[in-house]
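First residue of the sequence shown: 129, per the numbering used here; consecutive thereafter.
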Amino acid sequence: MSENNLLELIEACKSLKDQIKNASIPGANFDQQYGWNQVALGKTEVEYLITNLITRLENYGEAELTENFSHALPRHIDNIKRLESTSRSYFNNNAGHLVSFVPVLINTILVTIDDVVSELYSWENLNDSDLLPSKIKRKLTNYANLFDKFDANVKDLDKKIEIINSAHSTAENLPTVIEELIEARKTIDTEIKKAKETNREIMECSVEINGILSKLKELSLEADSELSKTSGYANASKELADQCKDYLNVTTTHGLASGFDQKAKELKKSINLWLCSLLAALTIGGFIGFDRVSDMQNLLMPSTTPGQYFVQILVSIFSIGGPLWLAWISTQQINQRFKLSEDYSYKATVAKSFVGFQEIAVRFGDGSEQRLFKSTLDRLDEMPLRLVEGKDYNSPWHELLDSDAFKQALHMVPSLAKEVGRFSQRTKLRTSGKPENKVRKPSLVNSEKTESNDSDSNTHVS
Numbered sequence: 129m130s131e132n133n134l135l136e137l138i139e140a141c142k143s144l145k146d147q148i149k150n151a152s153i154p155g156a157n158f159d160q161q162y163g164w165n166q167v168a169l170g171k172t173e174v175e176y177l178i179t180n181l182i183t184r185l186e187n188y189g190e191a192e193l194t195e196n197f198s199h200a201l202p203r204h205i206d207n208i209k210r211l212e213s214t215s216r217s218y219f220n221n222n223a224g225h226l227v228s229f230v231p232v233l234i235n236t237i238l239v240t241i242d243d244v245v246s247e248l249y250s251w252e253n254l255n256d257s258d259l260l261p262s263k264i265k266r267k268l269t270n271y272a273n274l275f276d277k278f279d280a281n282v283k284d285l286d287k288k289i290e291i292i293n294s295a296h297s298t299a300e301n302l303p304t305v306i307e308e309l310i311e312a313r314k315t316i317d318t319e320i321k322k323a324k325e326t327n328r329e330i331m332e333c334s335v336e337i338n339g340i341l342s343k344l345k346e347l348s349l350e351a352d353s354e355l356s357k358t359s360g361y362a363n364a365s366k367e368l369a370d371q372c373k374d375y376l377n378v379t380t381t382h383g384l385a386s387g388f389d390q391k392a393k394e395l396k397k398s399i400n401l402w403l404c405s406l407l408a409a410l411t412i413g414g415f416i417g418f419d420r421v422s423d424m425q426n427l428l429m430p431s432t433t434p435g436q437y438f439v440q441i442l443v444s445i446f447s448i449g450g451p452l453w454l455a456w457i458s459t460q461q462i463n464q465r466f467k468l469s470e471d472y473s474y475k476a477t478v479a480k481s482f483v484g485f486q487e488i489a490v491r492f493g494d495g496s497e498q499r500l501f502k503s504t505l506d507r508l509d510e511m512p513l514r515l516v517e518g519k520d521y522n523s524p525w526h527e528l529l530d531s532d533a534f535k536q537a538l539h540m541v542p543s544l545a546k547e548v549g550r551f552s553q554r555t556k557l558r559t560s561g562k563p564e565n566k567v568r569k570p571s572l573v574n575s576e577k578t579e580s581n582d583s584d585s586n587t588h589v590s
């Protein structure tokens, strides 16, 4: 079957060769006829290439094909047949056809030739298929055996030559080596004499070293005695340092607690002053209100004009408005100072109890002391202004206008919103929104100073 396929491939190549040979193309090279982009070959070279392939296939004869070539043989036959069919339409006197078809034709033939040479004419296949004459095979086998023996002998000769060269170089260097040995012996004798002298000096030094060692032992005993004393002093110093740390902690917490207590007392005193101011304002407002009642009763007479009504009502508003305004301010100040006073009192309590809680937290371990310190520091670092932050109102009317109840009234009575708008244009409501709560971690000393300044500034608010 493989022989028939090989013959079929030969016939396909011959058919392709005839098609190329009979093509109506002049004999000159393609690049000379049709331009530089054509291959530098002619129809004759293409025909010769196909003839070369046919010759190789025919010379192979009836020998058995290799397995790889047997599998590839049907594809080669199909490729050659397709080339033969395509060449009828495209291998003609047309530059556009030749520029694409000729490289395809040449590459296909070269690939087929390469497969034939690598598979059918390899040394292993030639030897196995008995394609070479028997005499040549015997000669080649004998030559191969001779080369193998020669290679083994050459390896042994290399080793022997290396040994001979080494012995020769040693013999040449022998006089020099003898002279070096004589000089080395002289050097050794000199070094032996020096070693004997050195040994004698070492013995003398050994006696001195023994004396020094005895003195060192005595000094070591004295050093041990001084070291024990130094250890006692170090322990005493450590105890004193621990006591100083305890005193420092107590002093620090006592100072913080005293500072907070002082601020709390000052705020309580200011609360009393504002409380007196509140009582005075309420008393004055009561007297003025009582006095204005009699005047307002006189307005009930039939002879009273609308102008008198308006004047009396205006006088009553201004008379009672001042004390009520002062009472409103006093109430605001009392409320703020009470919050600040309670905050400072709480911080003073935390500072006083920190040392005691710290000693108890040490017993529990597991980070209890660290959590206690962090919690205490968080309490002490809280700024007092957080208790008084909010909107600042210039008068009770402004606070009333900004209240939720008044806003609900605006939704219920739409006409009231117009009047409020007119009032707001005449009196500007100054509000300061709450700032964002940004966490700040100042030191304890700076926190105390800041809180002191805030308290002093709030004391003068009117």
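Every residue gets a Cβ at the ideal spot worked out from N, C-alpha and C, and that includes glycine. These numbers come from a predicted model, not from an experiment.
Where the alpha helix (DSSP H) through residue i begins and ends
i	result
asparagine 235	223-248
leucine 185	171-188
alanine 200	195-218
glutamine 161	158-162
C-beta atoms of residue i and residue j nearer than 8 Å
i	j	result
asparagine 196	alanine 151	no
leucine 201	asparagine 133	yes
isoleucine 148	glutamate 175	yes
lysine 145	glycine 155	no
valine 232	glutamine 166	no
tyrosine 472	lysine 391	yes
glycine 387	alanine 455	no
aspartate 389	alanine 476	yes
From the options, residue whose alpha carbon lies closest to that of residue i
i	options	result
leucine 452	Glu329, Ala409 and Cys333	Ala409
asparagine 222	Met331, Asp159 and Glu470	Asp159
serine 123	Asp423, Gly435 and Gln464	Within the shown structure, residues of the chain are numbered from 129 to 590, placing residue 123 beyond reach of any answer.
serine 215	Lys397, Ser143 and Ala364	Ser143
lysine 396	Asn207, Lys467, Trp456 and Val478	Lys467
serine 198	Leu169, Ser217 and Leu135	Leu135
glycine 224	Tyr162, Glu212 and Glu192	Tyr162
glutamate 192	Asn235, Asn180, Tyr249 and Ala168	Tyr249
serine 398	Leu454, Asn338 and Ile462	Ile462
glutamate 173	Asn207, Trp164, Asp352 and Val230	Val230
isoleucine 207	Phe438, Val239 and Thr194	Correcting the residue type first, residue 207 is asparagine in the shown sequence and not isoleucine. The residue with the shortest Cα to Cα distance from asparagine 207 is Val239.
arginine 465	Ser405, Thr411, Arg203 and Glu394	Glu394
aspartate 243	Tyr218, Asn327, Arg203 and Arg210	Arg203
Beta-carbon separation (whole angstroms), residue i vs residue j, contact threshold 8 Å
i	j	result
isoleucine 241	arginine 184	7 Å
isoleucine 182	isoleucine 138	6 Å
serine 469	tryptophan 402	The Cβ separation is near 12 Å, so there is no contact.
alanine 140	glutamate 212	7 Å
glutamate 247	threonine 298	Glutamate 247 to threonine 298, Cβ: 58 Å. No contact.
Item checked: Inter-stretch contact at 8 Å, needing at least 3 Cβ pairs: the segment 415-423 / the segment 442-460 -> yes
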